[in-house]
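Okay, so here's the structure we're looking at.
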Amino acid sequence: MPDDTASEVSSINDESEHLRMVEALLFATDQPLSVEDIKERLPDDADVEAQIETIRRLYSGRGVNLVNAAGRWYFRTAPDLSFLLRKEVEDTRKLSRAGVETLAIIAYHQPVTRAEIEELRGVGLWRGTLDILLEAGWIKPMGRRRTPGRPVTYGTTPEFLVHFGLESVEDLPGVDELKAAGLLDSVDQALGRMQKEMAAAEKERLEKKAQLEMEIAAETMADEGEEE
Amino acid sequence: MPDDTASEVSSINDESEHLRMVEALLFATDQPLSVEDIKERLPDDADVEAQIETIRRLYSGRGVNLVNAAGRWYFRTAPDLSFLLRKEVEDTRKLSRAGVETLAIIAYHQPVTRAEIEELRGVGLWRGTLDILLEAGWIKPMGRRRTPGRPVTYGTTPEFLVHFGLESVEDLPGVDELKAAGLLDSVDQALGRMQKEMAAAEKERLEKKAQLEMEIAAETMADEGEEE
Amino acid sequence: MSDQLLEGELDFPEINDLDEDQRLVLSIEGFEGPLDVLLILARAQKVDLAQISILELVEQYLVFITQARGLRLELAADYLVMAAWLAYLKSRLLLPDEEDEEGESAEEMAARLQLQLQRLVAMREAGAQLMSRNRVGRDVFMRGAPEGIRILRKSAYDVTLYELLKGYSEQRLRASIGHLTIQPRPVYSLDEALHRLSRLIGKALDWTVLSEFLPADTRDPQYRKSAVASMFLAGLELAREGKAEIRQMEAFGPLYLRRRERTEEGQKG
Numbered sequence: 000m001p002d003d004t005a006s007e008v009s010s011i012n013d014e015s016e017h018l019r020m021v022e023a024l025l026f027a028t029d030q031p032l033s034v035e036d037i038k039e040r041l042p043d044d045a046d047v048e049a050q051i052e053t054i055r056r057l058y059s060g061r062g063v064n065l066v067n068a069a070g071r072w073y074f075r076t077a078p079d080l081s082f083l084l085r086k087e088v089e090d091t092r093k094l095s096r097a098g099v100e101t102l103a104i105i106a107y108h109q110p111v112t113r114a115e116i117e118e119l120r121g122v123g124l125w126r127g128t129l130d131i132l133l134e135a136g137w138i139k140p141m142g143r144r145r146t147p148g149r150p151v152t153y154g155t156t157p158e159f160l161v162h163f164g165l166e167s168v169e170d171l172p173g174v175d176e177l178k179a180a181g182l183l184d185s186v187d188q189a190l191g192r193m194q195k196e197m198a199a200a201e202k203e204r205l206e207k208k209a210q211l212e213m214e215i216a217a218e219t220m221a222d223e224g225e226e227e
Numbered sequence: 000m001p002d003d004t005a006s007e008v009s010s011i012n013d014e015s016e017h018l019r020m021v022e023a024l025l026f027a028t029d030q031p032l033s034v035e036d037i038k039e040r041l042p043d044d045a046d047v048e049a050q051i052e053t054i055r056r057l058y059s060g061r062g063v064n065l066v067n068a069a070g071r072w073y074f075r076t077a078p079d080l081s082f083l084l085r086k087e088v089e090d091t092r093k094l095s096r097a098g099v100e101t102l103a104i105i106a107y108h109q110p111v112t113r114a115e116i117e118e119l120r121g122v123g124l125w126r127g128t129l130d131i132l133l134e135a136g137w138i139k140p141m142g143r144r145r146t147p148g149r150p151v152t153y154g155t156t157p158e159f160l161v162h163f164g165l166e167s168v169e170d171l172p173g174v175d176e177l178k179a180a181g182l183l184d185s186v187d188q189a190l191g192r193m194q195k196e197m198a199a200a201e202k203e204r205l206e207k208k209a210q211l212e213m214e215i216a217a218e219t220m221a222d223e224g225e226e227e
Numbered sequence: 000m001s002d003q004l005l006e007g008e009l010d011f012p013e014i015n016d017l018d019e020d021q022r023l024v025l026s027i028e029g030f031e032g033p034l035d036v037l038l039i040l041a042r043a044q045k046v047d048l049a050q051i052s053i054l055e056l057v058e059q060y061l062v063f064i065t066q067a068r069g070l071r072l073e074l075a076a077d078y079l080v081m082a083a084w085l086a087y088l089k090s091r092l093l094l095p096d097e098e099d100e101e102g103e104s105a106e107e108m109a110a111r112l113q114l115q116l117q118r119l120v121a122m123r124e125a126g127a128q129l130m131s132r133n134r135v136g137r138d139v140f141m142r143g144a145p146e147g148i149r150i151l152r153k154s155a156y157d158v159t160l161y162e163l164l165k166g167y168s169e170q171r172l173r174a175s176i177g178h179l180t181i182q183p184r185p186v187y188s189l190d191e192a193l194h195r196l197s198r199l200i201g202k203a204l205d206w207t208v209l210s211e212f213l214p215a216d217t218r219d220p221q222y223r224k225s226a227v228a229s230m231f232l233a234g235l236e237l238a239r240e241g242k243a244e245i246r247q248m249e250a251f252g253p254l255y256l257r258r259r260e261r262t263e264e265g266q267k268g
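Chains as they are written, first to last, in numbering that gives the first Met the number 0: chain V, 0 to 227; chain S, 0 to 227; chain L, 0 to 268.
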């Protein structure tokens, strides 16, 4: 559809009018919008999902793209233009190394308790670390672990996904590889698995040994038979 | 230019790349940009005027338009769609500190009566505070305490949980956990703040008193004038 | 190897040129805990973490701790706890495994350490990848001047969870200060004790236990404590002035007091 005639088409075509509405809403909002948020504003017969998909394709190669985080849609500038836009503003909330590590642990291991974070890092958590992540709006309490003391668990927020340009925590960089390598399991779980594997290997070794001995015994008997 | 092929074109065509840049700049800016503003950011060989004109045409029939005011360019929702935005634009206000604290106490101690809130906060509750929280839909009356006077108890609503992204009020970290997260200041800091607050309150009291005295003096004078 | 590591990676010789105060600061800021030190040491082995020699690593860590203490670096308890655990692991690794040993075997302990290090490395790398993504407000941007529609948050008030938690924390803290009261304690003053003791010591002829001089009514244990303390101080004071002598037969045994004769003192002097 050539753009020059878009306004003509829109006036006769309902769908094109719905597209304009969705586009306007997504442009005007200061927060990501869910499909429901948009549906509430549009006529009942509008196919919001289809319009969103059209807009997503329409903008996919442009200076501004439509992206999704935690099921909510928003426009943002294209990542490859960051060289043009990058702001070297002094990052007052520059995260410390401990902060980055703690955020990564919460993101990849969520829901996770404070004690579990400390165990993974092998060092006590400085008081301000969780505070800074909470204040940034990147983490939140998720529930309580059913262990003595019922400690609060932490996880990431939709704001975290938006900030790091992720659709969901499933899209965290390298998460599949880490999962496959068992690196997201606790040390205890991994140890248990190792012990099982070792036990299985030992069992196999013993079975092979027994098998071998039986074969040798059979051969010896055969040899003896030949000798007779 | 059909939009579907925009991404292909952009990769081979400088002009299309310049168009993306101008589009991103105009999208990300928080104030209208002049042609010179944009030229500063773009490669020297870019024909900024032509790109702006292309973008203006591209968006002319769409949900968002590129418009010019006093020689500066900016994106704006198409005037015929502004009803979409106007409908529910609400001025969000900051909740007062008393409001935040009262809400927090209700969340942590529910069901809780007004008298209990006052006791926990150590200060009287201004009448409007509960009204504001009720109106915001974050708290609701839960029932009556079986004590003399059968006072009403308050608790939080499902909307409260939605707003704060919580699954249940059980998820709120306890005092020890807040302290561990760095959310509780040292006693010294808190004392310092208290002293400041008390000084401010005292100042206000004195000012009010002075004001009152002036008024009384004025009235007295007026009375005396009348008497004369 | 560990020497080279300390000099190479951690630049300790340069630290030696610094003032002692500066050294202390560096020691704490350089590392993110004992596992961090172990990882740096492990990297020096230049093999995959899965192939690392745990025994070698343990020895390097223990050397590091010894050197750090030699430089009088202030080490947090975490580092020393790890050192103790590793020393135990080392002894277990060197001694032949006993079949009926309770708890984890040395191999399991070593595997535990290895797994822990692998996990920390994984999270470090994940964190670095996360931070290098195109981030909103730095690399990519939302609409700079959104006209704003409020359909996500219909509430008229804008409060974040952080503000709510902070609000609760602050008011709990204020409440804890507000309720602090110090109860008045019954006190027997030093002046009273001095007055009473100087009066009574003249009447007592020979060595007398200190408690004999206490005021009549000492049923309240708090008051009695205070009276004993004041009376003891009064005794010391009189002894200092040369008016009394104090004697104790054994540690924590009863204290005896008696009057000191001035004439004696004069003769001795």
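Glycine is no exception: its CB is placed at the ideal position from the N, C-alpha and C atoms.
- S:E176 belongs to the set of residues whose beta carbon lies under 9 angstroms from a beta carbon in chain V.
- Relative to the Cα of S:E176, the nearest Cα in the group V:R120, V:T152, V:P157 and V:R61 belongs to V:T152.
- A residue is called buried once 16 or more other Cβ atoms fall within 10 Å of its Cβ, and S:N64 is buried on that count.
- As a beta-bridge residue in DSSP terms, V:V151 pairs with V:R143.
- Residue state for V:W137 is assigned as coil, using DSSP reduced to three classes.
- Each residue's CA atom was taken as its position, placing S:F82 and L:F140 some 26 angstroms apart.
- Nearest to S:S59 by alpha-carbon distance, out of V:R19, V:G98 and V:E39, is V:R19.
- In terms of Cβ geometry, S:G142 and S:I105 do not form a close pair [threshold 9 angstroms].
- Chain V places a beta carbon closer than 9 angstroms to that of S:R61, counting this residue as a contact.
- Under the DSSP assignment, L:I51 falls outside any beta strand (DSSP E); it carries neither an H nor an E label.
- Ranked by Cα distance from L:P214, the first of L:K242, L:R195 and L:L237 is L:R195.
- Contact annotation: in the region 154–167 of chain S, residues whose CB is within less than 8 angstroms of a CB in chain L are E158, H162, F163, G164 and L165.
- DSSP places V:R75 inside the beta strand (DSSP E), whose first and last residues are R71 to T76.
- V:E169 has a beta carbon lying at 9 angstroms or more from every beta carbon in chain L.
- Residues of chain S whose Cβ lies closer than 7 angstroms to the Cβ of L:E162 are, in chain order, V99.
- For S:L84, the neighbours in chain V by C-beta distance under 7 angstroms run, in chain order, A27.
- A residue is called buried when at least 16 other Cβ atoms come within 10 angstroms of its Cβ; L:F251 does not meet this threshold and is exposed.
- The beta-carbon separation of V:A68 and V:P31, rounded to 6 angstroms, stays under the 8 angstroms limit for a contact.
- In this structure, DSSP gives V:L65 an extended state, which the three-state scheme calls strand.
- Taken in chain order, the complete alpha helix (DSSP H) segments of 4 or more residues contained in the region 162–212 of chain L are 189–200.
- By the rule that beta-carbons nearer than 9 angstroms mark a contact, L:G32 touches chain V.
- In chain order, A27, T28 and D29 make up the part of chain V whose C-beta sits under 7 angstroms from the C-beta of L:P145.
- Two segments are said to touch when three or more pairs of C-beta atoms, one from each, lie closer than 8 angstroms; by this definition the region 45–57 of chain V does not touch the region 126–138 of chain V.
- Secondary structure of L:E244 (DSSP, three-state): strand.
- Within the region 183–209 of chain V, no residue has a Cβ lying closer than 8 angstroms to any Cβ of chain S.
- With distances taken between CA atoms, V:G70 lies nearest to V:L165 out of V:D79, V:S95 and V:L165.
- For S:S33, the three-state secondary structure derived from DSSP is strand.
- Secondary-structure assignment with DSSP links L:Y255 through a beta bridge to L:V208 and L:R246.
- Boundaries cannot be given for V:G121, as no alpha helix (DSSP H) includes it and DSSP labels it neither H nor E.
- Listed in chain order, the positions of the region 117–136 of chain V with a beta carbon within less than 7 angstroms of a beta carbon of chain L are L119, R120, G121, V122, G123, L133, E134 and G136.
- L:E244 is positioned such that its CB atom lies closer than 9 angstroms to that of L:R258.
- One Cα belongs to S:I138, the other to V:G191, and the distance between them is close to 48 angstroms.
- Contact annotation, L:A233 with L:L193: C-beta distance approximately 5 angstroms; criterion of less than 8 angstroms satisfied.
- Chain order gives the chain S residues near V:R143 as E169 and D170, where near means a beta carbon separation below 8 angstroms.
- Distance between V:L57 and V:R126, taken at the CA atoms: about 47 angstroms.
- Using a Cβ distance threshold of 9 angstroms, L:R246 and L:L254 count as a contacting pair.
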